[in-house]
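Going line by line, the protein sequences match chains S and Y.
779 is the number of the first residue of the first sequence in this note's numbering; add one for each residue after it.
687 is the number of the first residue of the second sequence in this note's numbering; add one for each residue after it.
Even glycine gets a Cβ: it sits at the ideal position worked out from N, Cα and C.
One structure below.
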Amino acid sequence: MSTTLEVRNLRTHFFTRAGVVKAVDGVSFTVGRGQVLGLVGESGSGKTVTGFSIIGLVDPPGRVVEGEILFHGRNLATANEEELRHLRGNRIAMIFQDPMMTLNPVLRVDTQMIETVLAHEKVSREEARQRSRDALGMVGIPSPDERLKSYPHQFSGGMRQRVAIAIALLHRPELIIADEPTTALDVTIQGQILAEVQKLAATTGTSLIWITHDLSVVAGLADEIAVMYAGRIVEGGEVGAVLDAPMHPYTVGLIGSVPSRNRRGEPLRQIPGMTPSLLKLPAGCAFRSRCPRADEACLVEPDLLELRPGRRARCFHPHLEGVGA
Amino acid sequence: MSATTETPLLELRGISRRFEKKLDFAGKIARFLGAPLREEVVHAVDDVTLGIRKGEVVGLVGESGCGKSTLGRVAAGIMPPSNGQVLWRGKDVTKLDGPASREARLRAQMIFQDPYASLNPRMRVEDIVGEAPLVHGMTTRAGFGPYVEEQIRRAGLDPAFKRRYPHQFSGGQRQRIGIARALAVKPEFIVCDEAVAALDVSIQAQILNLFMKLRQELDLTYLFISHDLSVVEHLSDRVVIMYLGRVVEQAPAEEIFARANHPYTVSLLASVPRIEARKRAFTTVKGEIPSPLNPPTGCHFHPRCPHAMPRCSQEVPKLREIAPGHLSACHLNG
Ligand SMILES: Nc1ncnc2c1ncn2[C@@H]1O[C@H](COP(=O)(O)OP(=O)(O)OP(=O)(O)O)[C@@H](O)[C@H]1O
Ligand SMILES: Nc1ncnc2c1ncn2[C@@H]1O[C@H](COP(=O)(O)OP(=O)(O)OP(=O)(O)O)[C@@H](O)[C@H]1O
Ligand code: SF4
Ligand code: SF4
Ligand SMILES: [Mg+2]
Ligand SMILES: [Mg+2]
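Laid out in structure tokens, this is it:
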């Protein structure tokens, strides 16, 4: 299997008045061709900033301060804006939680889609229109011809998101980074979109990074999962293996608190405390103040280690019971 | 068990709520000049009857725009219905006046999805929580401090924070402030409208546990509105499914998750991603959610229903009991 993206030791920091926010602090992962990586974690743990870093959309006071972002071997961290712009919307696409980040409110959907095609490829207008029609059909928008003549505000939220996804698909990108694209949608519409995306990865070899806080979506969609906490990946591996037998205490707590993993009507297992502020992270393991396994060893920052083949965790006292060798 | 014969704590009878979508200025001018424009009417809630027993947790589920919040507001007494009756222990609430009406307003409280939007940013926590009890004589100026502290502590917050403002709290903490405020007027009935939707899974678990603990301690009754079926399954005794303003199915929670009857409920349950699933093919309900401005005729679900028959587009199916306590509105049931 060939590698589409390899991120090595990515650090993206925000230099704010109150101090340096280490939003992403040493993140590494790879995504193979046609593979889906589920990126999950607490709110504020750095998922979106990781996605933005890959496509070069981090704005000041933020900056990628270290690391390599290898897209088919080419390091995007050192690429110039011109090259990045060419890659974006062509070979790499991003789908945002808010579709209006992609859509232009004053342009008809057909105009935006056709212009997007023409901006990157030398094809006729009619060919561009056909491509747009095909892309809308892929995301399940019925009678695309007539729909194409509408403005974004004439669509429902779910429909708008599907148009944004269709735009992301226009160039059959090799990599799609999707940031909570279905969180605001109804489950029936979410199901339709997930089915399309799954088909896309399987049939065209498109690689996906799917950012979400919903473990149930990742369970059904992803091949690999990476769990983030306070700017770092704390656990990673094959999705089934991680969800069935998590090693890191944060992952254990996260999965344990999902209602369907608890007996009906009984108190849910919960992680005590709150996410720490990235400005005032305690020394050592960032999960220390909430961790039931914490001891003196955890006053030092643990490394992300391969504890079993294909299973990585950043913890001095991982849960290894029930995890096969 | 005499549970079914007992007078419900709250009863909604034939509740409808319509909203008129007024024409804007350009629309009015166009109509004046002869354009065939009319003010459109949304039937947000359409003839809903529902009883909630003392101590019960009723989950209310349905897609965006189906009327959950509107029904919740009517149940909480903060929005009058266009038609129908709201009965509290058998008495029509809309007919109360004076002190009885004020008391009625306090005994039902609502907790919202976005705690930030529902908290006044310029008020300190102690005033947010303590204002209503003070106005309504549940505490005095002298007793104010201890009263507020008790409410804050009960919601799982440190009373030392009582002089802070909402923006100084995290999302989960703000939701606790909303809970403290609602409980401070000693309600019997709480409408939770997507109260945990905006929270992280780990914080969501903390808040759901708090709801369940308070239910026991204070003998509360809940109408729990959520689009998250796993949350509803976890804590509801009974589940009500709405589609475009109407109740299409209602049953005890275990029953509905084990033996859903209505085709809409069946497809909704099939669409829910499950953490137990692995690399599965996502199933889909075909089609769009129709606009409530122009709902399909007959059974609202017929354009998306895999079992639709000619009758479905002509005749509204009645909500009928198909098993004890299990109601469904579908022509497949005869
Ligand atoms: N422009 C900015 N200036 C300062 N800090 C920022 C900025 N953008 C993001 N951050 C910080 O970076 C951290 C990571 O944010 P990010 O948006 O990546 O989190 P996330 O994991 O996507 O969370 P969520 O699940 O809530 O979307 C947060 O602590 C956030 O406050
Ligand atoms: N104050 C209002 N004025 C006009 N229309 C309204 C008003 N409140 C609700 N509606 C309309 O009534 C319908 C039902 O809305 P409601 O908010 O009850 O739905 P909901 O089920 O709570 O949806 P969601 O899951 O998105 O919160 C929608 O079509 C909505 O646009
Ligand atoms: S390193 Fe220590 S504090 Fe951190 S997760 Fe592991 S046991 Fe808990
Ligand atoms: S009444 Fe007809 S259209 Fe409606 S749910 Fe039943 S079978 Fe489907
Ligand atoms: Mg984010
Ligand atoms: Mg609502």
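Beta-carbon spacing of residue i, residue j below 8 Å
{"i": "R1011(S)", "j": "L1082(S)", "result": "According to the sequence as given, residue 1011(S) is Ile; it is not Arg. The answer is yes: Cβ separation under 8 Å."}
{"i": "R1076(S)", "j": "R1066(S)", "result": "The question names Arg, yet the displayed sequence has Cys at residue 1076(S). Contact flag set, yes."}
{"i": "L696(Y)", "j": "I738(Y)", "result": "yes"}
{"i": "L783(S)", "j": "V842(S)", "result": "no"}
{"i": "A841(Y)", "j": "A866(Y)", "result": "yes"}
{"i": "R869(S)", "j": "I892(S)", "result": "no"}
{"i": "P1024(S)", "j": "V1017(S)", "result": "no"}
{"i": "H949(S)", "j": "G867(S)", "result": "yes"}
{"i": "R968(Y)", "j": "Q976(S)", "result": "Note on residue identity: the sequence assigns Phe, not Arg, to residue 968(Y). Contact flag set, yes."}
With 16 other Cβ atoms within 10 Å as the buried cut-off, status of residue i
{"i": "Q813(S)", "result": "buried"}
{"i": "K754(Y)", "result": "buried"}
{"i": "V798(S)", "result": "exposed"}
{"i": "I797(Y)", "result": "buried"}
{"i": "F711(Y)", "result": "exposed"}
{"i": "S688(Y)", "result": "Residue placement at S688(Y) cannot be trusted, given a pLDDT of 41 that sits under 50; what the coordinates show is reported in the next sentence. Exposed: under 16 other Cβ atoms inside 10 Å."}
{"i": "H1026(S)", "result": "buried"}
{"i": "L904(Y)", "result": "exposed"}
{"i": "D923(S)", "result": "exposed"}
{"i": "Q902(Y)", "result": "exposed"}
{"i": "R932(Y)", "result": "buried"}
{"i": "T693(Y)", "result": "exposed"}
{"i": "P959(S)", "result": "buried"}
{"i": "D1073(S)", "result": "exposed"}
{"i": "S780(S)", "result": "exposed"}
8 Å Cβ cutoff, residue i in contact with chain Y
{"i": "S1038(S)", "result": "yes"}
{"i": "M1052(S)", "result": "yes"}
{"i": "P1045(S)", "result": "yes"}
{"i": "S732(S)", "result": "Here chain S covers residues 779 to 1103 and nothing more, so residue 732(S) does not appear."}
{"i": "V995(S)", "result": "yes"}
{"i": "D923(S)", "result": "no"}
{"i": "R1042(S)", "result": "yes"}
{"i": "L978(S)", "result": "no"}
{"i": "H931(S)", "result": "no"}
{"i": "D992(S)", "result": "yes"}
{"i": "V1012(S)", "result": "no"}
{"i": "D964(S)", "result": "yes"}
{"i": "E973(S)", "result": "The amino acid occupying residue 973(S) in the given sequence is Ala; Glu does not appear at that position. For A973(S), the answer is yes, since a Cβ of chain Y falls inside 8 Å of its Cβ."}
{"i": "R1090(S)", "result": "no"}
{"i": "I873(S)", "result": "no"}
8 Å Cβ cutoff, residue i in contact with chain S
{"i": "M687(Y)", "result": "Residue placement at M687(Y) is flagged as unreliable, the pLDDT there being 40, under the threshold of 50; the coordinate-derived value follows with that caveat. Chain S, which has no Cβ nearer than 8 Å to the Cβ of M687(Y), makes this no."}
{"i": "R964(Y)", "result": "yes"}
{"i": "E941(Y)", "result": "no"}
{"i": "S750(Y)", "result": "yes"}
{"i": "F968(Y)", "result": "yes"}
{"i": "E919(Y)", "result": "yes"}
{"i": "P959(Y)", "result": "yes"}
{"i": "H913(Y)", "result": "yes"}
{"i": "M928(Y)", "result": "no"}
{"i": "D710(Y)", "result": "no"}
{"i": "G741(Y)", "result": "no"}
First through last residue of the beta strand (DSSP E) which encompasses residue i
{"i": "N769(Y)", "result": "769–774"}
{"i": "V1012(S)", "result": "1010–1016"}
{"i": "Q1058(Y)", "result": "Given that chain Y is displayed from residue 687 to residue 1020, the structure contains no residue 1058(Y) and the question cannot be resolved."}
{"i": "G816(S)", "result": "814–819"}
{"i": "Q892(Y)", "result": "Here Q892(Y) belongs to no beta strand (DSSP E); instead the alpha helix (DSSP H) covers 887–904."}
{"i": "T907(Y)", "result": "907–911"}
{"i": "A1004(S)", "result": "1002–1007"}
{"i": "H1012(Y)", "result": "1012–1014"}
Span of the alpha helix (DSSP H) around residue i
{"i": "K825(S)", "result": "825–832"}
{"i": "V834(Y)", "result": "830–840"}
{"i": "D879(Y)", "result": "From DSSP, D879(Y) is part of no alpha helix (DSSP H) but of the beta strand (DSSP E) over 875–879."}
{"i": "A870(Y)", "result": "From DSSP, A870(Y) is part of no alpha helix (DSSP H); its letter is neither H nor E."}
{"i": "E904(S)", "result": "903–916"}
{"i": "K754(Y)", "result": "754–762"}
{"i": "I814(Y)", "result": "811–821"}
Beta-bridge pairing of residue i - partner residues as DSSP gives them
{"i": "T790(S)", "result": "V802(S), V842(S)"}
{"i": "G751(Y)", "result": "None; G751(Y) has no bridge partner."}
{"i": "E859(S)", "result": "Partner(s): none; E859(S) has no beta bridge."}
{"i": "H729(Y)", "result": "R704(Y)"}
Check your understanding: Taking a cut of 7 Å between CB atoms, which residues from the segment 803–831 of chain S lie near chain B?
Key -> The question asks about chain B, but that chain is absent: this structure's protein chains are S and Y.
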